[in-house]
Structure formats: structure tokens, C-alpha cells
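Visitor:
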Amino acid sequence: MKMILKLLVPLVGVVLALGVYKTVTTPSHLFALSKEFGGCPNRPSCVSSLATDPEHSVAALGYAGDPSTAYSMLREVIERMGGKIAHDAPGYLHAVFTTPTMRYRDDLELLVLPEGKIEVRSISRFGYRDFGVNRARVEALRQAFEAVPRP
Numbered sequence: 036m037k038m039i040l041k042l043l044v045p046l047v048g049v050v051l052a053l054g055v056y057k058t059v060t061t062p063s064h065l066f067a068l069s070k071e072f073g074g075c076p077n078r079p080s081c082v083s084s085l086a087t088d089p090e091h092s093v094a095a096l097g098y099a100g101d102p103s104t105a106y107s108m109l110r111e112v113i114e115r116m117g118g119k120i121a122h123d124a125p126g127y128l129h130a131v132f133t134t135p136t137m138r139y140r141d142d143l144e145l146l147v148l149p150e151g152k153i154e155v156r157s158i159s160r161f162g163y164r165d166f167g168v169n170r171a172r173v174e175a176l177r178q179a180f181e182a183v184p185r186p
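Have a look at this one:
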């Protein structure tokens, strides 16, 4: 039993260290760094409007009018939802959301296209399963964005 504990304690420490590292390190797969707006990896802790499978697929957001107005409204909604803007470029927003209990970080990316479509991707940095948190975040964003009064 003592031998198992001697092996288990360092293993738990390594897993915790990996979790902290993955949570605080900005992923390289983000559009801001890779210039490719991605789908989802093969784990359930991601949703994307570019995904084609039901587990990961979520509808893109839509807007009418000027893309820069939609962009400004998205920025406002994200900040009201508690997201911290990490990358801000014309037509692109990357926000980081931190879970309250475990302090895990999730990345939300939005690509505002001129034809009235906003591609969206929300992904957990660490962990296999997110219990629907990313999907719920995208749907809450959609509702809040649609509720913003239009100029």
C-alpha cells in the first residue's frame, strides 16, 4: 500500500502541474496565432460553427448592418458575460473565460465576416469533458447579442 502511495502522489503532482501549465498557457491553435479558424479536436470540451458533427457543431451567429457595429456589440456582450479580451483585431475577437471553482480557462473566438455571419468557437484549454459549459456559453452569448438594441 505504501508503495502505491509513493507512486500515486508524484503522479497526481505531475497531472496537477500539467493542468496548471495548460490552463495558463495561450494555445497555439487560436486564430490570432495560426491565422486559421479551427474546428474542434476529438474531445467533447469544444463547440464550433465550423464543426460538422453534432457533438461539436453550433450555429454561427448572425447580424445585419455594419460589421464594425456587430464587432463592438460583441465586445460589449463578452465583457458583460465576464470574458477578458485577449486578442482584438479587425473582425476578430478572442476572449478568455475563467471557471469560478477550478479557475480553468476557456477560449472563445469570434470571426466577424462581412456577409452578416459570425463564426464562433469555444474550447476548454484543459480537460477532456466540460459538461456543456462551452455550448452554454455560446448560446448565452447568442441570446445576449440578439438582445442588444440595434442603432
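If you want the working numbering, it's the position in the sequence shown, counting the first as 1, plus 35. Even glycine gets a Cβ: it sits at the ideal position worked out from N, Cα and C.
Suppose only complete runs of 4+ residues qualify. What are the alpha helix (DSSP H) ranges in the segment 144-186, listed by chain order?
Guide: As far as the segment 144-186 is concerned, its whole alpha helix (DSSP H) runs of at least 4 residues are 168-182.
Visitor: Whole alpha helix (DSSP H) runs in the segment 94-128 with 4 or more residues, listed along the chain?
Guide: Whole alpha helix (DSSP H) segments, 4+ residues: 102-115.
Visitor: Taking only the alpha-carbon atoms, compute the straight-line gap between residue 56 and residue 122 and give it to the nearest angstrom.
Guide: If you number the sequence shown from 1, residue 56 lands on position 21. If you number the sequence shown from 1, residue 122 lands on position 87. Unreliable placement is indicated for residue 56, whose pLDDT of 49 sits below 50; the coordinate value is still reported in the next sentence. In a straight line, the C-alpha of residue 56 is about 20 Å away from that of residue 122.
Visitor: Following a CB-centred definition, is residue 173 positioned closer than 7 Å to any heavy atom of the ligand GTP?
Guide: As presented, the structure is devoid of all ligands, the ligand GTP included, so that no description of it is given.
Visitor: Give the single residue among 103, 96, 74 and 182 whose Cα lies nearest to the Cα of residue 89.
Guide: Taking the sequence shown and counting its residues from 1, one reaches residue 89 at position 54. The shortest C-alpha separation from residue 89 is found at 74.
Visitor: On the criterion of 16 or more Cβ atoms from any shown chain inside 10 Å, does residue 140 qualify as buried, or is it exposed?
Guide: In the sequence shown, the residue the question calls residue 140 occupies position 105. Its Cβ being crowded by 16 or more others within 10 Å, residue 140 is buried.
Visitor: Quick one: Cα of residue 65 to Cα of residue 108, how far?
Guide: Position 30 of the sequence shown, counting from 1, holds the residue named residue 65. Position 73 of the sequence shown, counting from 1, holds the residue named residue 108. If I take the Cα positions, the gap works out to 22 Å.
Visitor: Quick check on the burial criterion: 16 or more other C-beta atoms within 10 angstroms. Buried or exposed for residue 113?
Guide: The residue labelled residue 113 in the question sits at position 78 within the sequence shown. Buried, since its Cβ has 16 or more Cβ neighbours within 10 Å.
Visitor: How big is the Cα-Cα spacing for residue 85 and residue 92?
Guide: The residue labelled residue 85 in the question sits at position 50 within the sequence shown. The residue labelled residue 92 in the question sits at position 57 within the sequence shown. Residue 85 and residue 92: Cα-Cα distance of roughly 7 Å.
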